[in-house]
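The listed protein sequences correspond, in order, to chains L and S.
To convert, note that position 409 of the first sequence is 409 in the numbering used here; the numbers rise steadily by one, no gaps.
Every position in the second sequence, counted from 1, becomes a number in the numbering used here once 1000 is added.
By construction, the Cβ of each residue, glycine as well, lies at the ideal position given by its N, Cα and C atoms.
Inspection log for the structure reproduced underneath, given as structure tokens.
There are 2 protein chains.
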Amino acid sequence: MDAATLDPQTLIPFFAPRGVALIGASANPRKLGHAIWRNLTQSGYAGPVYPVNPRYQTLGGMPCYADVSTVPDPVDLAVIILPAPHTPAAVEACGQRGLKAAVIISGGFKEVGPEGAALEAECVALARRYGLRLMGPNGIGTVDLTTGLNTTFLRGLPEPGRIAFVSQSGAVCGGVVDYARGQQLGFSHLVSLGNEADVTETDLLAYLADAPQAGVIAAYVEAIADGRRFMQVARQITPAKPIVLLKAGQTEAGDRAVSSHTGSLAGAHAAYSAACAQSGVIEAGTVGQLLDIARGLTCPVLPAGSRVAIVTNAGGPAVLAADSLARSGLSLPELVAETQAALRGKLVPSAQVFNPVDMLGGAEPADYAFAVQTALTDQAVEAVVAIHVPQALVKPAAVAAALAEVADGAAKPLLVCLMGDDSMVEARRLLHQQRVPVYTFPEVVGPVLQAMNRYRAWRESAPEGLPALRVDTAAAAALLPAQAGPLAEAAARPVLAAYGLPLIPAEVARTPAAAAQAAARLGFPVALKIVSPDIIHKSEAGGITLNLSDAAAVEAAFRQLRQAAAAAQPQARLTGALVQPMAPPGPEIIIGLRRDPQFGPLLMVGLGGIYVELLTDVAFRVAPVSRTEARAMLAETRAGRLLAGLRGQPAADREAVVDALLRLGQLALDFPQIAEVEINPLRVLPQGQGALALDARIILE
Amino acid sequence: MDAATLDPQTLIPFFAPRGVALIGASANPRKLGHAIWRNLTQSGYAGPVYPVNPRYQTLGGMPCYADVSTVPDPVDLAVIILPAPHTPAAVEACGQRGLKAAVIISGGFKEVGPEGAALEAECVALARRYGLRLMGPNGIGTVDLTTGLNTTFLRGLPEPGRIAFVSQSGAVCGGVVDYARGQQLGFSHLVSLGNEADVTETDLLAYLADAPQAGVIAAYVEAIADGRRFMQVARQITPAKPIVLLKAGQTEAGDRAVSSHTGSLAGAHAAYSAACAQSGVIEAGTVGQLLDIARGLTCPVLPAGSRVAIVTNAGGPAVLAADSLARSGLSLPELVAETQAALRGKLVPSAQVFNPVDMLGGAEPADYAFAVQTALTDQAVEAVVAIHVPQALVKPAAVAAALAEVADGAAKPLLVCLMGDDSMVEARRLLHQQRVPVYTFPEVVGPVLQAMNRYRAWRESAPEGLPALRVDTAAAAALLPAQAGPLAEAAARPVLAAYGLPLIPAEVARTPAAAAQAAARLGFPVALKIVSPDIIHKSEAGGITLNLSDAAAVEAAFRQLRQAAAAAQPQARLTGALVQPMAPPGPEIIIGLRRDPQFGPLLMVGLGGIYVELLTDVAFRVAPVSRTEARAMLAETRAGRLLAGLRGQPAADREAVVDALLRLGQLALDFPQIAEVEINPLRVLPQGQGALALDARIILE
């Protein structure tokens, strides 16, 4: 990909072209070429639209062009809806005519097999030759709600608003639009990327970063081809504009479903989550959550912290909101005395004024305005959730108007829950237009405020450079064999040592007597482990003996190990035994890395020993990480809590773990042939005393 | 509560009265007494409705009665909307007039404080005297969509259907109704229970069990007063009719919000979850999920297992559905070869026929009918999810009609996802009316099918008696002191021994020499633990020494323990030391019980040692439990997986844990004064070798 294709300016013609040609325009209402024609001409786009189809002289009362070469100026964009085999010629014609961009709606390309993939590659090659950007194929096009350009065949559009929606699935895009219309959800852009033959999701992010109408970017993604570029671009955008992302195929089954449908290799979900966390991208778990969080982020202010007040006209929904907030790590502080007094002074006597503030069923719009305004000024409160349940005698739209007025210019966010559907349409529209996030059920507010709060924390976090580590790259390079395969502990240790990873001392001994001598040097008691390039799982081969307290025991154990290993793996080459002193006691964790096809090296930390399998207590990050990121990944695991010291136990040396993670990350960056490293267990000593890798292996690819 | 108040027949007048008096009827459109009058007379109820208000001669052209005593026959039910202080007199008048039931809509009772509580108690006492059942106060009444009786002031009603909705919050009921109208969700009954002065949620369950129109009971609950009766009633209902329950106040914050709003003591959520699991009640986490699952259970058939096929016109939503299914423990089997061949024979060539079956965007209603029918007959498939995303050229209502026809009479459930809102109204209504569960977003199907599948398993599970255990109740009774407080290990052990709990052998020694002699009898190495009625946390008081291998070490340790304990707790009475042999190695778990205010004794099992705090790996059940339930509770924890044997480790004696749980449950039932028991750790030995309680304590109340 050359520099020109990375320039977000090249995407302008997809949204604000000076003119549009529809190649494959149709007068037949049962054809997509007709529906697109309708949308191009009837959605408010002010520029000229030219139908192209050799079968018509005119279309909709306009001259129809036989070929794009005859279309007059100005024209920047083509929308192509032709059978796949005819598409490359159309792309070439667009290039020759000097167009800047083409949206290919047609399917029949990579998604249907090798023949389609060849056609798609041909289109891309032609587009590159002429400097034409391509969107699709196999997408449903684009809508710019500001310029009115609509290249889709969708029936009906949502209201204009501040959410830019980018989707790798045209169907999800269409479904979201249909849903959004019933929810009064407003959008600035709708983009369906199809097969991403040229323009990718990351290109779109870069473009939308500079689009003023797009206040929030919401993306539905099935696979990201260039994970590291995605992270780089996202990191540039998120300090100023939030990105919410739903990755489909989060489970193995979902992943398989993706593969069968787009043919692209979806990365493991852990890598996506790590990449999002490291680039300030907010991850959503479902379509509902994607839209809920995007709606929340249309709010002009973010919460300064996690303390929330609830103002309601009904107790039950407030309980549900409180549950939701607590589950998402937010708290419900008691309001300060002055706030309570102020509320008590104006609300009905039986109202609750602690938190939730329950104004009871008779609450009028003025009560909402007063109570929310009062709660917003409480110093213990960083966000307010107002809940309105339909009442016979109160108009929701009037409540909404009162709330929108209070929210306008407020320094803290107000979220509103209107529990209902039928009677809430007008109120919902009004609040959303005024950038007050509005929801149906109270259970939604927790995840939304959590996302808003985390995003605020991300924006506040200072950028941090990567740590300088003293490592011996040359030594490691000399130690790494050329061929792929596993390096067992004895072979892996020197490589890890060259990168300063903390290893338990050890010597390789070739005879029982040498082992006993080594044990004496290292200090009893010792452990003995079989050394063989062919044995990776030593304990399963009977290749480990612990707690040997004298020379005789070491010699006997040496012989026994060889016998056991020979019995377990008769073909294994046995080159000796590793002698290690028994480590001081301490909690055990696992650290490691594996290489992800989309994002590159992925660092891992979690509880060690048998708990690796019993729990799924593991955090991941894409390497390299800063010291703060390494601390954060440890802190989000139970291993981190264990090391912090449970029940008054002394804290273990967490900084030694952080340092080890940084060194592993550096190793992975310096040697792309390292596919996997696992240090398990890493015994962590008391604070200030470091850590010791008691076992380790490396896999080369 | 006497037998009459437990008779569900007494609730019939709330839903099908022969006549209704509205006490507090009003001609003023700004009064609730007007809105209720409108609903009573305009919702289709066929019986007579009598307005009662001394201020009017007539109301709405009908004679208005000054007092309920003058209302003519037939009349069974009164709806009372008067200020709280006037309500007891009205209740008494209803009783004297011979009415059977009264719905008190008015607030101002228990929920506002002691004065209101006194008024409420007065109403209940009067109602009991006259054999009148009361619903409320502080609720919004009832709707029976079959008889047309509507005692609420709600504007508008949902469509008639098969879901009975019972709510302890009037606001949640009102919000759900408003929402349901926009979603074409159909109900048989709507009941708002208010303060439950007389009629409780459990009474309603018993009534709805016999109501043929109620196919599914959905309940929103803030607190259940009589947990054990709830379980008993639910167990009778769920084999024939599903109950879905949302308990508000699932978190501590939510719980506090409940307390401040109803004044009732909400039980810990673990007890609710256990009670639901043990009575076949399906628990929902949110309002959305409550309605989604209830919708699912309107389906006439349940899945026979967890294998699901997806049929779709778009790949992206199928991936989201696959993710949702996998997260909920369901699987996506590959369709059998015949099915694939059949699909390939009729669908477009580029369609995917494995699973998901992706028919691509052009799929017509006939394609849906064919593909879903074909998938339903596949022997590898136990349920089908059909997804339809709006397309320019296909009518959703036609797809819905085709799907409803296929679902009609099918032996396996079909769930449908119509991704959109605006264009899906007609299709959604049609499917719901035909008892085909229908949803907006694909992410919903996993939790719904999981709930349907679990409910099917519950219905299939054979009822199992409680095990007969040999326990020495008299001995335990003699050992338990009369006063409340903790029993430390030495005092707790004999009680537990009387109930056959497996204890590590031990002797109490009062002197160093006696300790050494005991150690010799028990066998070295031993552990020594301080014995003091005042020391519960022995290790924190320095009161435990492990691995003492000879008499001298035991004597020295005895002295040291006493010193350390005296230093840590100078006031503690030190009566000696407990001498125990060191136990054989094995995994450690925790078992225990605590008494829940609503549900009684709650058994607990989970990972032991430091992992109790580090993980929240604990399962609960309400005692008594059957052997199968005890096995199930162990199996749902990671402790269960650990005991099953990780990485080829031998399995531990899980039946010994099950037996210990049963014995703990029996102990709790026999001695209500036992508030808590904790056995931590319980060392579990290899299969067939039992388990050993290494430490234990009891708390008496």
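For L/R621, the secondary structure class from DSSP, reduced to helix, strand or coil, is strand.
With 16 or more neighbouring CB atoms inside 10 Å of its own CB, S/D1076 falls in the buried class. Comparing alpha carbon positions, the residue from S/P1650, S/I1674 and S/L1185 closest to S/Q1689 is S/P1650. Contact between L/A322 and L/G280 does not hold, since the beta-carbon distance rounds to 29 Å and is not under 8 Å. Between the segment 1338-1350 of chain S and the segment 1399-1417 of chain S, the count of Cβ pairs shorter than 8 Å is below three; the stretches do not touch. Secondary structure remark: continuous beta strand (DSSP E) runs of at least 3 residues inside the segment 454-539 of chain L, in chain order: 485-487, 507-509 and 526-531. In the structure shown, S/R1573 falls within a coil segment according to DSSP collapsed to helix, strand and coil. L/R344 has a beta carbon lying at 9 Å or more from every beta carbon in chain S. Within chain L, the residues whose beta carbon sits less than 9 Å from that of S/F1153 are Q391, A392 and L393, listed in sequence order.
Distance from the Cα of S/E1405 is smallest, within the candidate group S/V1372, S/D1421 and S/V1394, for S/V1372. The C-alpha of L/V301 lies about 10 Å from the C-alpha of L/D408. For the pair S/V1445 and L/L603, the Cα-to-Cα distance works out to about 34 Å. Taken in chain order, the members of the segment 622-643 of chain L whose beta-carbon sits within less than 7 Å of a beta-carbon on chain S are R638, R641 and L642. For S/A1326, the C-beta contacts it makes with chain L under 8 Å involve T251, E252, A253 and G254, in order along the chain. With the rule of 3 Cβ pairs closer than 8 Å, the segment 16-23 of chain L counts as touching the segment 77-86 of chain L. Taking 9 Å as the threshold, the shortest C-beta distance from L/R654 to chain S does not fall below it. Put simply, the backbone Cα of L/A491 is about 56 Å away from that of S/P1494. Within the same chain, and ignoring the five residues on either side of S/S1350 in sequence, the residues whose Cβ sits closer than 7 Å to its Cβ are L1360. With respect to chain L, the C-beta atom of S/N1313 has a partner C-beta closer than 9 Å.
Note that the C-beta distance between S/T1146 and S/S1188 is below 9 Å. As for any beta strand (DSSP E) of minimum length 3 sitting wholly inside the segment 1340-1390 of chain S, the runs are 1383-1388, ordered along the chain. For L/C276, the enclosing alpha helix (DSSP H) has its first and last residue at H269 to S279. One alpha carbon belongs to S/P1467, the other to S/L1661, and they sit about 11 Å apart.
About 4 Å separates the beta carbons of S/V1216 and S/L1297, which is inside the 8 Å limit, making them a contact pair.
Where S/E1676 is concerned, the enclosing beta strand (DSSP E) starts and stops at I1674 to V1684.
Contact check for L/L700 against L/P512 fails: the beta carbons are separated by 9 Å or more.
S/L1193 is outside the set of residues whose beta carbon lies under 9 Å from a beta carbon in chain L. Our two residues, S/P1074 and S/L1205, have alpha carbons roughly 27 Å apart in a direct line.
The Cβ of L/L149 sits no closer than 9 Å to any Cβ of chain S.
For S/E1222, a Cβ of chain L is located within less than 9 Å of the residue's own Cβ. Listed along chain S are R1638, R1641, L1642 and L1646, each with a C-beta nearer than 7 Å to that of L/L614. Of the residues L/R162, L/G170, L/I163 and L/G161, the one whose Cα lies closest to the Cα of L/T151 is L/G170. In this structure, the CA atom of L/S167 is about 21 Å from the CA atom of S/M1424.
The C-beta of L/Y179 comes closer than 9 Å to at least one C-beta of chain S.
In the structure shown, the three-state DSSP call for L/Y45 is coil. For the set S/A1090, S/G1542 and S/V1436, the Cα lying nearest the Cα of S/A1411 is the one of S/V1436.
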